[in-house]
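Inspection log for the structure reproduced underneath, given as structure tokens.
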Amino acid sequence: MLARGLPALRRAEDVVRAARVHVAVLWRDGVLPLTPRATVALLAEVADRGVSVQVLCARDNAYAAAELAVADPGKRAIEVQYAARGLPDAIVVDHRIAVFPPTLADDAPAAVLRHSGVVSAARELFTTGWRAAALAHHRTPLDPLAGAELHQEILALLGQGHTDDTAARKLGVSVRTYRRHVATIMRTLGADSRFQAGALARERGLV
Numbered sequence: 001m002l003a004r005g006l007p008a009l010r011r012a013e014d015v016v017r018a019a020r021v022h023v024a025v026l027w028r029d030g031v032l033p034l035t036p037r038a039t040v041a042l043l044a045e046v047a048d049r050g051v052s053v054q055v056l057c058a059r060d061n062a063y064a065a066a067e068l069a070v071a072d073p074g075k076r077a078i079e080v081q082y083a084a085r086g087l088p089d090a091i092v093v094d095h096r097i098a099v100f101p102p103t104l105a106d107d108a109p110a111a112v113l114r115h116s117g118v119v120s121a122a123r124e125l126f127t128t129g130w131r132a133a134a135l136a137h138h139r140t141p142l143d144p145l146a147g148a149e150l151h152q153e154i155l156a157l158l159g160q161g162h163t164d165d166t167a168a169r170k171l172g173v174s175v176r177t178y179r180r181h182v183a184t185i186m187r188t189l190g191a192d193s194r195f196q197a198g199a200l201a202r203e204r205g206l207v
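Next comes the structure, spelled out in structure tokens:
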């Protein structure tokens, strides 16, 4: 269903701005009828409210990459991966709304869709691309990850279902340090949960 009631440009922006949980961005040429700087500013505004924002950016989109690179990671929790291959422009908001901008040669307004099949397809495309980009970007760290004793032990402890306190005590590190390593492993693997991180680690032969 196409969202109605607002001008096209405002409509797409407002959908993103109203996000409550998660924004996933596939950014090839332009995801909104805005400049790259304005787009990143909007995503940063959303992230500053505590919304999870993940951007999968085409590596050859120099303007977008430059703006994303200068976003303050300490304040604006925008997670970024870069994809070498072509990808469509799309945004998935709160796992239930998909925004598709027009192409650079098209004067049509952005499409804001709530059709579950379309949204699911866009989510799957993003998830697949994100994991592939994470694996490619971290290929060098991931190979040592398989032999890195600490991370290997953490993956094993995650699989055994230990609490953070117990796992940290077994490793001889603080709970905060343990959680930081867990977050790094999850981010590296492109996992949304600890359970998924364990499954992906087994799938890739890391444990």
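Residue 61 in the UniProt record's numbering sits at position 61 of the sequence shown, and the numbers go up by one each step.
Quick reminder that beta carbons are idealized off the backbone N, C-alpha and C, glycines included.
With a threshold of 6 Å on Cβ separation, who are the neighbours of residue 63 within its own chain once the five nearest residues in sequence on each side are excluded? So the qualifying residues of the chain are 36.
Excluding the 5 residues preceding and the 5 following residue 95 in the sequence, name in chain order all residues of the same chain whose CB lies nearer than 8 Å to its CB. Taken in chain order, the residues that qualify are 21, 22, 119 and 123.
Please name the residue, chosen from 116, 30, 181 and 152, that lies closest to residue 87 on a Cα-to-Cα basis. Sorting 116, 30, 181 and 152 by C-alpha distance to the C-alpha of residue 87 places 30 at the top.
Identified DSSP bridge partners for residue 24: In the DSSP output, where bridge partners are listed per residue, residue 24 has 54 and 92.
Rounded straight-line distance, which links the Cα of residue 133 to that of residue 271: Absent from the structure is residue 271, since the part of the chain shown begins at 1 and ends at 207.
Inter-residue Cα distance where the pair is residue 43 and residue 93: Pairing residue 43 with residue 93, the inter-Cα distance amounts to about 11 Å.
Roughly how many whole angstroms lie between the Cα atoms of residue 191 and residue 33? Between the C-alpha atoms of residue 191 and residue 33 there is a straight-line separation of about 31 Å.
When DSSP labels each residue in this structure, what does residue 31 get in the three-state scheme? Coil.
Which of helix, strand or coil does DSSP assign to residue 113? Three-state result, residue 113: strand.
Could you give the residue range of the alpha helix (DSSP H) that holds residue 99? Under the DSSP assignment, residue 99 falls outside any alpha helix (DSSP H), being part of the beta strand (DSSP E) whose first and last residues are 97 to 100.
What residue range is occupied by the uninterrupted alpha helix (DSSP H) comprising residue 223? Outside the modelled stretch of the chain, which goes from 1 to 207, sits residue 223, for which no answer is possible.
Are residue 178 and residue 171 touching if we call contact CB-CB under 8 Å? Yes, the Cβ-Cβ distance between residue 178 and residue 171 is below 8 Å.
Determine the closest residue to residue 185 out of 151, 26 and 165, with distance taken between C-alpha atoms. The shortest C-alpha separation from residue 185 is found at 151.
By Cβ distance, which residues of its chain are closer than 6 Å to residue 208, with the 5 residues on each side in sequence left out? Nothing in the structure corresponds to residue 208, since the chain is present only between 1 and 207.
Kindly indicate which residue of 40, 176, 53 and 158 has the alpha-carbon position closest to the one of residue 65. Proximity to residue 65 across 40, 176, 53 and 158 peaks at 40, based on C-alpha coordinates.
Between residue 158 and residue 197, which are expected to be in contact by the criterion C-beta below 8 Å, what is the C-beta distance as a whole number of angstroms? Residue 158 to residue 197, Cβ: 6 Å. Contact.
For residue 166, the three-state DSSP class (helix, strand or coil): Helix.
Is it the case that the Cβ atoms of residue 115 and residue 154 are separated by a distance below 8 Å? Going by C-beta atoms, residue 115 is not nearer than 8 Å to residue 154.
Measure the alpha-carbon distance for residue 169 versus residue 129 and round it to whole angstroms. Each residue's Cα considered, the two are about 36 Å apart.
Return the CA-CA distance between residue 110 and residue 202, expressed in angstroms with no decimal places. So the two alpha carbons sit approximately 40 Å from each other.
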